[in-house]
Amino acid sequence: MFFIGPAKQRFLVGSYGCFCVGIINLWILRLMTPTISAVLENRVSCVLDKFSTEEHRCGAIAFLRNVKPLLQNGPQCGLVALQMAASSLGLPMIGIEQIHRLAKEKGFTNRGEMFSVEWLNELALAIWPTLQGTIRDMPTAEELSELLKNECAVLVPYDCDKNNEPVIRNGNTAHWCIVVGYLCCDLNESELVWSKQKPTCFDNMYVFCLHGKSRHFALWKYADLFESNANLNEIGEKRRTDGEIYILPCEGFAALKRKCLILHL
């Protein structure tokens with residue numbers, strides 16, 4: 047954790063070296079602190095309030111990658127999440143129409159839906175050959191923090207509630223998000239510190255996420271996202287009866303359940 051003492055203490059040290067250390071630490075702290083919207087600031091405050099008491103304000107170690115939100119048009123959540131992932135890694139922006147067209151040519155989608163982590167990975171590598179992709183089980187909270195700090199893009203399928211938060215619906219409202227940061231609440235901390243330093247407590251980890259239905263960063267409990275991902279079992283009655291054609295892999299929702307896609311350079 048980067049801690050900057052009161053200005054009076056820093057200036058009374060009487061050592062040029064100590065003064066420089068204080069200035070450098072202040073510069074690092076400012077560099078690590080992201081510019082966040084009032085909406086996200088309020089969401090962070092609400093989470094910290096849950097763990098605070100009248101005597102003690104709960105602190106946290108937080109990290110947030112700089113990722114630009116993009117909106118979907120129709121059921122293109124996986125494709126838009128892929129767009130955001132590529133952008134976060136500094137890769138050229140490819141139009142959603144082009145991504146959709148290639149996915150359709152490969153037989154992965156009809157209307158933009160994406161019901162396979164493996165297909166999304168194959169699509170990503172076809173469009174951006176310099177990418178490296180890993181399909182894996184959902185990481186632990188500690189593993190996730192390391193992936194994010196190492197500049198990996200983490201794409202996760204989950205069941206989406208009406209407010210876009212993770213929910214348990216057996217896969218009936220499957221959606222895609224990209225995890226872009228974390229907030230590890232810690233009662234041993236008294237401040238919110240934005241840092242790449244490894245958190246000491248992962249029991250109350252929240253994740254910053256982006257998805258195609260909102261321009262705002264979401265902040266969800268990681269355990270909820272983890273459980274939602276683990277309950278992706280079927281396409282659901284609504285999609286079966288809406289008259290639309292969806293492309294499903296032969297293994298069904300097993301192609302999504304308990305899986306995520308890690309992209310990196």
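At position 174 of the sequence shown (counting the first as 1) the number is 220 in my numbering, and the numbers step up by one without a gap.
Using N, Cα and C, we set each Cβ at its ideal position, and we do this for glycine too.
All of these numbers come straight from a predicted model, not from anything done at the bench.
The beta-carbon distance between P185 and D270, rounded to whole angstroms, is 15 Å. This is too long to meet the 8 Å contact definition. With a cut-off of 8 Å on Cβ pairs, the stretch 94-107 is not in contact with the stretch 216-223, counting fewer than three such pairs.
When secondary structure is reduced to three states using DSSP, M184 falls in the coil class, being assigned neither helix nor strand. Exclusion of the five residues before and after H310 leaves Q178, C198 as the residues of its chain whose Cβ lies within less than 6 Å of its Cβ.
Following the DSSP letters along the chain, one finds C306 inside the beta strand (DSSP E) bounded by residues 305-310. About 18 Å separates the Cβ atoms of R157 and E283, ruling out a contact at the 8 Å cut-off.
Straight-line spacing of the CA atoms in N250 and E151 works out to 43 Å. Within the model, the alpha-carbon separation for A276 versus W222 is close to 14 Å. Proximity to K114 across N167, D183, T81 peaks at T81, based on C-alpha coordinates. A direct Cα-to-Cα measurement between G124 and T246 gives close to 33 Å.
Of all alpha-carbon atoms in E101, I173, S133, A127, the one lying nearest the alpha-carbon of I224 is that of A127. Judged by beta-carbon spacing, Y228 lies beyond the 9 Å limit of Y292, meaning their Cβ atoms are not closer than that value. Relative to the Cα of K303, the nearest Cα in the group L137, Y204, C231, S191 belongs to Y204. Fully enclosed alpha helix (DSSP H) runs of no fewer than 4 residues occupy 123-134, 142-151, 163-173 of the stretch 104-190, in order along the chain. Here N112 is exposed. Its C-beta has fewer than 16 other C-beta atoms within 10 Å.
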